[in-house]
Every structure is written in C-alpha cells, then in structure tokens.
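Residue numbers (our numbering): 1367 to 1474. Where is the CB? At the ideal position from N, CA and C, for every residue including glycine.
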C-alpha cells in the first residue's frame, strides 16, 4: 500500500521521461543493463554463501541500482527536453551531479 503512494504520482514521468530516455540514450541504457547483470550476478554469487542474508542485501543492491538509474535517465531526458544536445545532456548529467547527489537522493 505504501508503494502505491510513491509509484502512482511517478507514473506520468515513466511515459514522458524514462521510456523515451531509455531509447534516446542507448549508450547509457546498454551500460545500465550491463550493470544490472553484474548486480544480479553479485547477488547470486553471494547467495551461494549465506542464503538467509541474501534477500535483504540483494534488495538493497537492486533498490540502489534502480534509484540511480531512474535519476540518470530523468536528468538526461530533462536536459534533452530543455534543448541541450544529446551529447551535452549526457555530459551534464555526469559532470554536474556527483555520486554524493545520487546517494543523497536515495537516502532522502
């Protein structure tokens, strides 16, 4: 029930920013998919050792990855919609925002 309160207001942005951004910024999409495979492999690798601890750790890793990916696509697409060129949108996303910004947004 709590998830609905966070996801429902976000739904318009899924169709206006995330899905188009996934196709507009293909290099970032491929990079994110590669990172997702690495995260899943890390979770599977850790599951072999202590399976009772893997669910919280795996969920935290996937939640962090999802949060950062959404922020990157939203920022890139927002810059692109503002009239910034394709390349400059990517550069601005990674140069103006530091890892601290992404982590702070995940914590808040």
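If you draw a straight line from the Cα of residue 1443 to the Cα of residue 1372, it is about 21 Å long.
With respect to the 8 Å criterion, residue 1427 and residue 1438 are not classified as neighbours on the basis of their beta carbons. With 16 or more other Cβ atoms inside 10 Å of its own Cβ, residue 1446 counts as buried.
The three-state secondary structure of residue 1449, taken from DSSP, is coil. Between residue 1392 and residue 1456, the C-beta spacing is not below 8 Å. Residue 1461 places its beta carbon 8 Å or farther from that of residue 1379.
Linking residue 1404 to residue 1396 through their CA atoms gives a straight-line distance of about 12 Å.
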